[in-house]
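One structure is given below, encoded as structure tokens.
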Amino acid sequence: MPSTASLTPLLERFHLQPERLGKSVRIEQALRLAILHDWPDGSRLPAHRTLCRRLGVARDTLAQAVRRLGEEGYVITGQGQGTWTRRPATPRLPTESTPRLSSRAEALLQAPSASAIQSGAFMPGIPDITQFPMAKWRELYASVTVPRNALLLSYSGGGYGPLKRAIRDLLWRWRRLACDTDQIIITDGTHNGIELCALALTDVGDRILMESPCYWGARNIFTAVGATVEAVAWSPQTGHAPRRSAQPVQLAYFTGSHHYPLSMPTSRTHRQMLCDHVRPDFVLEDDYEFNGQDGDSLMFDGHSNRHLLVGSFSKLMFPGLRLGYLVAPHALVEPLSQLRSEVFREGRLLDQAALAQFIAEGELDTWYRRIQRDYLARQQVMHDQLVQVPGVVHVSPPSHSISLCVQFAPGVDDRRVARKLLKAHLITRPLSPVCAADDHRSGLILGIGMLSGLTLVAEARRLRQTLTCLLSSNG
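Per the numbering used here, residue 9 is the first one in the sequence shown, and the count goes up by one each step.
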């Protein structure tokens, strides 16, 4: 006779979900995680009336979540008989030999990558999507989705003109960066812009300089196009470490005004000194975490023939938008635009038109001013908790960004710490995998976008307590 699933892990996982998500979504996510990680396959769920009472939800709300899980194959429901868990079957290994992947694919798959888990306490890189003014966004989207705008269903040809003008004005308003509208190319997010630059400006084997710790997403792109990545350690206090190679550098890549993943203001002076020494052909800055107060840290110059800037609205608005921009020198705009059209194609004009109106009507500025104050308060909560942990030697100062970085004392195995935190449903990233071989820093990269209010306070306290225990035993 199948065992009845314990309510304890389900209740724990339910209460860890952000409170502003709908109850049906919170139940669905909690059930899915419990089925995958806590309950034996074939366990019988407690009676629906019991679940509703303990979770504090209506029968219809629970029924919606169970129905969706049933459609995905996570549960089986017998009419009048109950509901049983069913874990998705593990794919059978092929009897034939596994096809050989390219060497660059193998390198990418062994490196830190996008996590299969994209939500949860302290998941880095995710903004607060629950407070975003989605009603206004839907209104604007509906306003451009009308018969007279049939041309918006075509290819975009370098980008929607009104959006490019809105981005030009946004860069001046928040960054004091001057550029012409025709220097802006609309991309499908930052990664698309970085890949376009790598394809257009580097050949296989060319050397690309990055800072350590680095943004792994950019490193993966450079590896995928066959570039040679060289990392130079950077510290906010001491600047860049001496370079170990004398090889020429084709492109230098930096995160923008706020360093990712260290979550510290960057130094224009440090980067200029490094570029004066290395003399790269091109300098690409990635405004990964837009911070309205750090514009002076950027090296980008709209009149330069070698400076480029990429940015995205994923961290400002919501990750699924996947719209970004590339600001390029005048001489490169035409070949870059043509190359993008040949390799990637262009579209999503409806999204671009809605975003153009969202910016032009001041909605983006209003949203950003509101949420950045909230982010700063959340960062302060995290900072106050984490500085108390023995074994933590540095916590990034509170800022308006969605990420923060905790650095450990030498010798702490941050990968092991991150794995153990994951077992406690605390999702973080270890710092050491994105550091160069001669950069021995370890720590954790955390996000604050998924938690707020009393939930954030409770989870920050739980993180502090768990880390204290782990670091007392050295991970």
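Just so you know, even glycine gets a beta-carbon here, dropped at the ideal spot from N, CA and C.
Taking C-alpha positions only, L434 is separated from S407 by approximately 22 Å. Sequence-distant Cβ neighbours of L282 in its own chain, meaning closer than 6 Å and more than five residues away, are H248. With contact defined as three or more Cβ pairs closer than 8 Å, the region 308 to 319 and the region 186 to 193 are in contact.
Taking the Cβ atoms as the reference, G133 lies roughly 7 Å from S411, within the contact range of under 8 Å. Contact fails between the region 213 to 227 and the region 356 to 368, because fewer than three Cβ pairs, one in each stretch, are under 8 Å apart.
Taken through DSSP and simplified to helix, strand or coil, M458 comes out as coil.
Judged by DSSP secondary structure, H448 falls outside any alpha helix (DSSP H); it is assigned neither H nor E.
Remark: three or more beta-carbon pairs, one from each stretch, lie closer than 8 Å, so the region 250 to 266 and the region 212 to 223 are flagged as touching.
Around A129, the same chain offers L24, H433, L434, I435, M458, L459 and E467 as residues with beta carbons nearer than 7 Å, after the five sequence neighbours per side are excluded. Residue pairing by DSSP places P438 opposite L452 in a beta bridge.
Relative to V33, the option among V286, L53, D49 and T69 whose CA is nearest is T69.
For R423, the enclosing alpha helix (DSSP H) begins and ends at D422 to K431. Per DSSP, reduced to three states, the secondary structure at S151 is helical.
For R108, there is no enclosing alpha helix (DSSP H), as DSSP marks it with neither H nor E. Pairing R57 with R40, the inter-Cα distance amounts to about 19 Å. Ranked by Cα distance from V351, the first of L204, A55 and L171 is L204. Cβ neighbours of L316 within its own chain (closer than 8 Å, five residues either side excluded): C205, F290, V291, L292, E293, F308, L334, V335, A336, P337 and L340. Looking at the backbone, the Cα of C60 and that of L430 are separated by about 28 Å.
Of the other Cβ atoms in all chains shown, fewer than 16 fall within 10 Å of the Cβ of P250; this residue is therefore exposed.
The region 9 to 94 is shown to contain whole beta strand (DSSP E) runs of 3 or more residues at 83 to 86 and 90 to 93, in chain order. In the displayed model, S349 falls within a helix according to three-state DSSP. Spanning the alpha carbons of D49 and I43 requires a straight line of approximately 7 Å.
From the listed residues A55, P26 and K172, the smallest Cα separation to A364 is found for K172. In the DSSP assignment, Y296 falls outside any beta strand (DSSP E) and carries neither an H nor an E. The beta carbon of N299 is closer than 6 Å to those of S265, H266, H408 and S409 in its chain, skipping five residues each way along the sequence.
Residue pairing from DSSP leaves Y168 without any beta-bridge partner. Bounds of any alpha helix (DSSP H) do not take in I193; it lies within the beta strand (DSSP E) bounded by I192 to T195. Going by DSSP, I216 is part of the beta strand (DSSP E) stretching over R215 to S220.
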